[in-house]
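Heads up: the structure comes next, in structure tokens.
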Amino acid sequence: MAEAKKIPPRGPMRGGGYKMSDVKGVLPRMLKLLFQNYGLAMGIILGCLVISAVAGIVGPIFLQQITDKVITPALQDKLPTWELELTKLIMIMISIYAVCLVATTVQTQILARVGQRFLNKIRKDLFNKMQALPIRYFDSHQHGEIMSYYTNDVDTIRQFVTQSLIQFISTFLSLTFVICTMIHYSIWLTLVVLLGATLMIFITKKVGGKSSKYFIQNQKATAEVEGYIEEMMHGQKVVKVFCYEDEAKEKFDQINTKLCNAATNANHYGNTLMPIMHNIGNIFFVILAIVGCVLILNNVPNLGVMIFNDDNKFRVVGFNTLRVGMVVAFLNMSRQFSQTVGQVSQQVSMVAMALAGAKRVFNFLDEEEETDEGYVGLVYATEDENGKIHESAKRTGLWAWKHPHQDGTVTYTKLKGDIVLDQVDFGYVPEKIVLHDVSIYAKPGQKIAFVGATGAGKTTITNLINRFYDIQDGKIRYDGININKIKKGDLRRSLGIVLQDTNLFTGTVMENIRYGRLDATDEEVYQAAKIANAYDFITRLPEGFNTMLTGDGTNLSQGQRQLLSIARAAIANAPVMILDEATSSIDTRTEALVQKGTDELMKGRTVFVIAHRLSTVQNSDAIMVLDHGRIIERGTHESLIEEKGTYYQLYTGAFELE
Amino acid sequence: MNKKYTIKETDGQVLNVVVHRHRKKPNKKTPKVGKLKTILKSVREYKKPSLLAPFFVALESLMECIMPFVIARLINYLQAKKDVGMNANDMRQLIIISVILLLLAMLSLLFGYLAGRFCAIASCGLAKNLRRDLYHQVQEFSFENIDKFSSSSLVTRLTTDVNNIQMAYNMGIRTAIRVPLMMTFSAIMAFVLGGRVALIFLALIPLIGIVLFTIVKCAMGRFNKVFTKYDALNASVQENINGIRVVKAYVREDFEKEKFKKAADDVCENFVAAEKIVAWNSPTMQFAMYTATILVSLIVSRIIITTHGTQMNVGNLTSLLQYGIQILSSLMMLSMIFVIISMSIPSIERISEVLSEQSSLTNPAKPLMEVKNGDVEFRNVSFKYSAKAEKNALSNINLKIKSGETIGIIGGTGSSKTTLVNLISRLYDTTEGEVLVGGKNVKQYDLTTLRNQVAVVLQKNVLFSGTIKENLRWGDKNATDEELIHACKLACADEFIESFPDKYDTMIDQGGTNVSGGQKQRLCIARALLKHPKILILDDSTSAVDTKTDAIIRRAFKENIPNVTKFIISQRISSVMDADKIIVMNDGKISGVGTHEELLNTNQIYREVYEIQNKIGGAH
């Protein structure tokens, strides 16, 4: 088991180069998820985008109409009613703009909602998924990596949904309209524009390719510098003690300069993409004007696709001569066109990042969940005078296993706490067996201790009893029932566990103890705290039981945290206990206090103890000495001392339990 | 703790600003300008690009301002020929205008390219210098300074905060020139072209300005509030990941899901509320642009017609509208700059805080460059970690230790054992009284000299990524391989190092995660031995080493470095019982000093600890 979790890489270290081929299928899946959950809202947004796009095209056309149909004839005194005509056109413009404004408002307001709720859904999906994953997943993945799904990756998805996606859709729409209109006017000129667009896309790709090379370099250099900073800041006191400041500075300056160079290159490309696109647009504008005029001068027949010609007759393709007015209209459109292409080019890298992030999220959501084929449940029970077990709706202090059979009958077995491991083999990976042929017989009320060095397999055994992991070979029986048949939740409910890592949660002391049994009364919480020897120190805290704990109880000492986790187990009042004891970080006198707490807890229960100090072991019914996944010695304290084997050496201090 | 927040500019450019959020309100007392100055001091060799960037931005903007003007001429020219038709002469005219336009576009491209280049150089350079200055500053920090900031906060300042400033600087030096310039120029052109009509834009500016800034202000306030909740949400995820065993052991999956759902929904709705405010941005802008378009079209058309095209023409109309849109977009940009700057202010404050921090320890004017011997004396020493602390961490310590003695220190957590020894190598200065090493007050020594002679193996010790050799050579850069091996043999590290395939060239991972706790401690001891100190302090440095090896190490010390004064802090009686003197610490005071036997008789704490541990048998 990875006991020491590595410091997770900071943001920019992740990912690296993004290739579209890596994220195949991600986009459709994301869109499907989006539309399935927010279909109506997305539909409205799409509708609004269409309206905006149409208005974006129609607006300038009406402006043109004012010139063509009002100003020009009025100047030639051909239109005495120009005032009326002008008002009419302006009114039309106002109504179009009004509709467009409404559409934009509706779209942005809905998007604000949909975007955040979509993220919230993903967040909740992630969390629910996480709760359903087996312990194996957490042991084999860096915690920082899981965390980054919630932060970095969800964030890139947010950017995609609220920005890139919308921009792409609206760009697509307006490009379609613009191209249609352009074709309507002149196919020749359209070709020129398309040529320009192709060039722009080509340049984007070229520059983008270059910049992504620098981008990756930048990421690498950033990761190196941030990693170094992280390491050195945390080792700063050692640096001071060894007077190593100058060397530390020298190394830092080196990689810092490297980062600066890489960052400059990467930023340079980022900074110049926009001016390049912008001015290529301008250049094509000029080329277009010249080409247009040359065509006119040489009387080249114009070819345009028109639905209705000026004479309102339907025609698909029409020939006419190119007029200057057409060129002017065209020029305006081409500007819009190049602007849009430029905008899209800006979004490309964002989209690639978002898809990479989404892919990681989806991969996580596709992880295999912890399965549970158990059907034997745990129920509260009462025992009548004949010794017959009955199910009870209330907590009675007595539990029973409810065993439904195929013929529909149900038998109840009293929970006694008899646990048998029979020739168990286990490996975290199938190729590497870490427990060999382990057999343990724990009779109700017995105390079984495990001693042995780190990695000997002590914690692994407890991981098997509560089915955090499933065994490879052999059997584990609980009151005679194969634990595979017991519902996992119920199995774990019947086992009280005090872990070496205390892991308290943000909340009050009261809430933390109550975690063991959610319906416990305040009085019961106090009682549990007293059993665990925690009551005294809790009442001395600034706000007693209502003191807020944050960040895994950093405001408490290690010993106090341990006592709270014992209280938490005490209130659960499970018939079988597993205790993974505190480490050497607690001083001797605090340890004695913790010891008292656990002693109280162990009374009358079947207990598995992972001993870090041999004092807890002496009164055990059986001590298992583990070495490299095998039980090498077993017996009571006295018999093991007599044996003068490993236990004896441990006891006399020749070996250290690490 | 960080949230990337993306702001969309009007021209579709997207900025990523990593916002750092703070629980503490920025200190209002110190003027922000002063802090900005502290930051700007780091520009140094990048002054030239910092000035060239805005210069080329200005030129680029100029080109961009002129271009619509020429374009208007081109269109006017074409419009004029609309009904007459074109001839070859017109074509020549047209080509002249086109060439001018092309030239302008090329220049604009060139200037834009250069501006981007210099801007990148300047901002990345500033970031580099800031990181360097911060890093070098931290190297000068005393333990007290490091404690004050905490390692992880220093990491954030060196990474996230510097990145924020880089981003803001990159944006800042471009937009700070560009936007006002474009705005002014557009306004002038609008007036030249439209005369009084341009007043429409002028009237719209304050109106839109107020709305935009109100939106930004409201939204930022809301966002800051949500971010705190969002942080808490992420913290609870982290808690769940770390505590997944507890969650599963207590079968609390559904409970946690429900808890998370509530918190997440709350965060979500708060975000929605904030985003909905921001969402008013684009309708506001659209409204302004449409209003301007309609009003201008209406008024200008009337003017053209009523004056028969003498005052204005159609070309003017298009250009006027373009300049108007330019003015309004600039306004939008301004509000974005406002956001970026507001967001980088906390980063600026946090960085300048580090840069202006004075190291609490300084070298004396005429430092002693030699430590005579390993004598240590504490005279009436009291110590507080901060002036504000109510309780002394150490009170009234008097000790006299001779060169070559072995001193054991024992006591519960929080009894200030570490604090006591930290004063010897002047990691902290005493609050009262004095500490003498080699007969001289530690404050009289050159810090490097003193620390080279007083080797400390810290309780929270760290190995660095690199080979074992590299790590050991922290103690002595010029140590030969033989010396390394010798030190490792003393520290009982040679044996396990030799068992590694790469032996002394084995790579140590960051944080030393690929060696066991006991191995790490022994490597740290060897590293300290290589300094050939006069005083060696082991602060609980063998807690993960088994008692047998522990004893071997202590014997090796006795035989090989008899003249070195050795301080051994331990939880284990067995580690200190054969020391010349044992100091029992309790609550910042010396509860007893003596040999093992003496203390067993006289000191209750010592006896108690001994009894508990002895009952157990040797282990721990």
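The listed protein sequences derive, respectively, from chains F and D. All residue numbers for the first sequence refer to the numbering used here, where the first residue is 7 and numbers rise by one. All residue numbers for the second sequence refer to the numbering used here, where the first residue is 95 and numbers rise by one. The beta-carbon is built from N, C-alpha and C at its ideal position, and this holds for glycine as well.
| Item | Value |
| --- | --- |
| Assuming D:Val-548 and D:Ile-619 make a contact with CB atoms under 8 Å, what is their CB distance in whole Å? | So it is not a contact: roughly 15 Å between Cβ atoms. |
| Checking contacts by CB at 8 Å: is F:Gln-568 closer than that to chain D? | no |
| Between D:Gly-210 and chain F, is the shortest Cβ-Cβ distance under 8 Å, so that the two count as touching? | yes |
| Can you check whether the CB of D:Thr-543 is closer than 8 Å to the CB of D:Met-427? | no |
| CB-CB under 8 Å to D:Asp-640, same chain, minus the five flanking residues each way: which ones, in chain order? | Gly-612 |
| Considering Cα atoms alone, identify which of F:Gly-65, F:Ile-163 and F:Gln-452 is closest to F:Val-357. | F:Ile-163 |
| Within a Cβ cutoff of 6 Å, which residues of the same chain sit near F:Leu-85, ignoring the five residues on either side of it in sequence? | Pro-79 |
| With 8 Å set as the bound, which would you pick, yes or no: does the beta-carbon of D:Arg-290 sit closer than that to a beta-carbon of chain F? | no |
| In three-state DSSP terms, what is F:His-694? | A query on residue 694 of chain F cannot be resolved here, the shown segment of chain F reaching from 7 to 664 and no further. |
| Under three-state DSSP, which class holds F:Pro-129? | Note on residue identity: the sequence assigns Arg, not Pro, to residue 129 of chain F. In this structure, F:Arg-129 counts as helix in the three-state DSSP scheme. |
| Run down chain D in chain order and give the residues with a C-beta less than 7 Å from the C-beta of F:His-274. | Gly-210, Arg-211 and Ala-214 |
| Check whether the segment 146-166 of chain D and the segment 202-218 of chain D touch, using three or more Cβ-Cβ pairs below 8 Å as the test. | yes |
| Kindly list, in the order they appear in chain F, the residues whose Cβ is closer than 7 Å to that of D:Ser-330. | Thr-512 |
| At a cut-off of 7 Å, would you count F:Ile-572 as near the ligand ZN, judging by its Cβ distance to the nearest heavy atom? | What this structure holds is no ligand at all, so the ligand ZN is not there to describe. |
| Is the beta carbon of F:Ile-629 sitting closer than 8 Å to the one on F:Ala-455? | yes |
| Which residues of chain F have a Cβ atom closer than 8 Å to the Cβ of D:Met-161, listed in chain order? | Asn-288 |
| Going along chain F, which residues have a C-beta under 7 Å from D:Pro-377? | Leu-107, Thr-110, Thr-111 and Thr-114 |
| At a Cβ threshold of 8 Å, is D:Arg-545 touching chain F? | yes |
| For D:Lys-123, which residues in the same chain have their Cβ closer than 6 Å to its Cβ, ignoring the five residues on either side in sequence? | Below a pLDDT of 50, predicted positions are generally treated as unreliable, and D:Lys-123, at 45, falls in that range; the measurement from the model is reported next regardless. Same-chain partners within the cutoff: there are none. |
| Ignore the nearest five residues each way along the sequence and tell me which others in F:Val-354's own chain have a CB closer than 8 Å to its CB. | Thr-210 and Gly-214 |
| Quick one: any contact between the segment 123-136 of chain F and the segment 363-379 of chain F, if contact means 3 or more CB pairs under 8 Å? | yes |
| Just to confirm my understanding: we take D:Glu-347, look at its own chain, exclude 5 residues before and 5 after, and list those with CB closer than 7 Å. What are they? | Val-341 |
| Let me know the secondary structure DSSP gives D:Lys-660 once reduced to three states. | strand |
| Within its chain, find whatever has a CB closer than 6 Å to the CB of D:Ala-262; leave out the 5 residues flanking it on each side and keep chain order. | Ile-434 and Ser-438 |
| Against D:Gly-468, what residues of chain F qualify as contacts under a CB-to-CB distance less than 8 Å, listed in chain order? | Neighbours of D:Gly-468 on chain F: none; closest Cβ ~17 Å, over 8 Å. |
| Can you name the residues of chain F whose CB is closer than 7 Å to the CB of D:Asp-359? | Asn-126 |
| What residue ranges within the segment 17-83 of chain F form continuous alpha helix (DSSP H) runs of no fewer than 4 residues, ordered along the chain? | 32-71 and 78-81 |
| Taking DSSP as the reference, what is the three-state secondary structure of F:Thr-612? | strand |
| By how many angstroms is the C-alpha of D:Lys-460 removed from the C-alpha of D:Lys-511? | 31 Å |
| Kindly list, in the order they appear in chain D, the residues whose Cβ is closer than 9 Å to that of F:Phe-166. | Within chain D, no residue comes near F:Phe-166; the closest Cβ sits about 10 Å away, beyond 9 Å. |
| Take every Cβ of the segment 474-482 of chain D, pair it with every Cβ of the segment 517-532 of chain D, and state whether three or more of those distances are shorter than 8 Å. | yes |
| Going along chain B in order, which residues have a C-beta closer than 8 Å to the C-beta of D:Ser-519? | The chain labelled as chain B is not found among the protein chains of the depicted structure, namely F and D. |
| Decide if the segment 231-239 of chain D is in contact with the segment 233-251 of chain F; the criterion is three or more beta carbon pairs, one per stretch, under 8 Å apart. | yes |
| Looking at chain D, which residues of the segment 249-269 of chain F have a Cβ within less than 9 Å of any of its Cβ atoms? | Cys-249, Tyr-250, Glu-251, Asp-252, Glu-253, Ala-254, Lys-255, Phe-258, Asp-259, Asn-262, Thr-263, Leu-265, Cys-266, Asn-267, Ala-268 and Ala-269 |
| I want to know whether the segment 595-607 of chain F touches the segment 535-542 of chain F - three or more CB-CB distances under 8 Å. | yes |
| In chain order, what residues of the same chain have a beta carbon less than 6 Å from the beta carbon of F:Ile-141, not counting five sequence neighbours either side? | Phe-474 |
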